[in-house]
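Undergrad: Please see the structure below; I have some questions.
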Amino acid sequence: MPRLPRLPSPCLLCQRWQHQPLCDTCLRRWRPEVHRCGRCASPWRPALPHLACPHCEDPCPEFDRAIAALDYVPPWRHLITRFKFGQWPALGPVLAGLLGEAVQARQAAAATQPMNAGMAVDLVLPVPVSAERLRERGYNQAGVLARHTARALHLPMRDNLLVRPGQAARLATLDATERRLAIRGSFALTAEGTQAVRGRHIALVDDVLTTGATLDELSRLLRQAGARGVSAWVLARTPPPGWR
Ligand SMILES: [Zn+2]
Ligand SMILES: [Zn+2]
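For the sequence shown, position 130 (counting from the first letter as 1) is numbered 401 according to the working numbering, and the numbering increases by one without interruption.
Shown next, in the form of structure tokens:
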């Protein structure tokens, strides 16, 4: 069946009318090529081709590597905030498209580097939200991203294996250490999930990576259940203080 042409719509960033949700001019301007740390996805200009940057030392991430599509800075921050708080679910496929492109670019680069051998992802899992948060927002933004990204990459995705029982702590106002304490023990794997992750390399999907407390806690849980490896796929990475 021939594909119907997309109807024109305003670019999500500059509002110019065109045939894709984000125009090429905006993508070139706001998504510059950034060299990122292979471990934590912080923007980083390496003097030597080491894998991990200085931000990875304290504390060292619990996941094996992170891939980020964007920096968590304007104008993306505004779009992601609206997506996160349930006001604009239609952004999901567009933003997931950016994440899928970043993962594919990294996989293509990784294919030439022996240190990435054995890192192929078997299963995609979104960072879960509590039932209370789900009611507030109407959807789990990480789940929407995970579903569209996994579909584009032809990978299995399950959004009911990781759970977040109980009340969700409000993390926004906490510093890095407080976040780690507040989040400890917040997540669980279902019995089926425990079976499903054993011996697998898991990609955890989230919208934003800032301190890494959430992804670290989930990575620990997955490893305890016997996961072979954990990748973090995030739409946006908060750059380290003083970057640029
Ligand atoms: Zn534009
Ligand atoms: Zn790093």
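Don't be surprised by glycine CBs; every beta carbon is placed ideally from N, CA and C.
Quick caveat, the model's predicted, so the values are computed rather than measured.
1) So, with DSSP's three-state summary, where would you put N411?
2) Do T517 and ligand 1 come close, with the Cβ less than 7 Å from some heavy atom?
3) Which residue from L432, P281 and T485 puts its Cα closest to that of C294?
4) Measuring from each Cβ to the nearest heavy atom of ligand 2, keep the ones under 6 Å and list them in chain order.
5) Judging by CA-CA distance, which residue of A459, T482, S457 and V476 is the nearest neighbour of T448?
6) Could you check whether P511 and H349 sit closer than 8 Å to each other, using their CB atoms as the reference points?
7) So within the region 390-468, which uninterrupted alpha helix (DSSP H) runs reach at least 4 residues, ignoring any that extend past its ends?
8) How long is the line joining the alpha carbons of V467 and V400, rounded to whole angstroms?
9) Based on Cα-Cα distance, which residue from G513, T444, L460 and L506 lies nearest to A496?
10) Mind checking which residues open and close the beta strand (DSSP E) that includes H472?
11) Would you mind working out which of A340, E463, V392 and R336 sits nearest H425, comparing C-alpha positions?
12) What would DSSP say about G363, mapped onto helix, strand or coil?
13) Cα separation between G513 and V374?
14) What residues match up with G500 in a beta bridge as DSSP calls it?
TA: From the atom records:
1) In the sequence shown, residue 411 corresponds to position 140, counting from 1. Three-state DSSP puts N411 in coil, outside helix and strand.
2) Residue 517 lies beyond the residue range present for the chain, which begins at 272 and ends at 515; the question has no answer from this structure.
3) Numbered from its first residue, the sequence shown carries residue 294 at position 23. For C294, the nearest C-alpha among the options comes from P281.
4) A residue is listed when its beta-carbon falls short of 6 Å from at least one non-hydrogen atom of ligand 2; in chain order these are C308, R310, C311, S313, A323, C324, H326 and C327.
5) Translated into positions along the sequence shown, residue 448 becomes position 177. Of the candidates A459, T482, S457 and V476, the one whose C-alpha sits nearest the C-alpha of T448 is T482.
6) Translated into positions along the sequence shown, residue 349 becomes position 78. Translated into positions along the sequence shown, residue 511 becomes position 240. The Cβ-Cβ distance between H349 and P511 does not fall below 8 Å.
7) The alpha helix (DSSP H) runs lying completely inside the region 390-468 and spanning 4 residues or more are 402-408, 412-424, 447-454 and 462-468, given in chain order.
8) Walking along the sequence shown from the start, residue 467 turns up at place 196. Walking along the sequence shown from the start, residue 400 turns up at place 129. The sequence given here places Ala at residue 467; Val does not occur at that position. If you take the alpha carbons of A467 and V400, they lie about 20 Å apart.
9) As a first step, residue 496 must be located in the sequence shown, where it is residue number 225. Looking at the Cα atoms, L460 is the closest of the given residues.
10) By one-based count along the sequence shown, residue 472 stands at place 201. Counting along the chain, the beta strand (DSSP E) containing H472 begins and ends at H472 to L480.
11) If you number the sequence shown from 1, residue 425 lands on position 154. Across the set A340, E463, V392 and R336, the C-alpha of V392 shows the shortest separation from the C-alpha of H425.
12) Taking the first residue of the sequence shown as 1, we reach residue 363 at position 92. Correct three-state label for G363: helix.
13) As a first step, residue 513 is located in the sequence shown; it is residue number 242 there, counting from the start. As a first step, residue 374 is located in the sequence shown; it is residue number 103 there, counting from the start. Cα to Cα, G513 sits roughly 26 Å from V374.
14) As a first step, residue 500 must be located in the sequence shown, where it is residue number 229. DSSP lists H472 as partners of G500.
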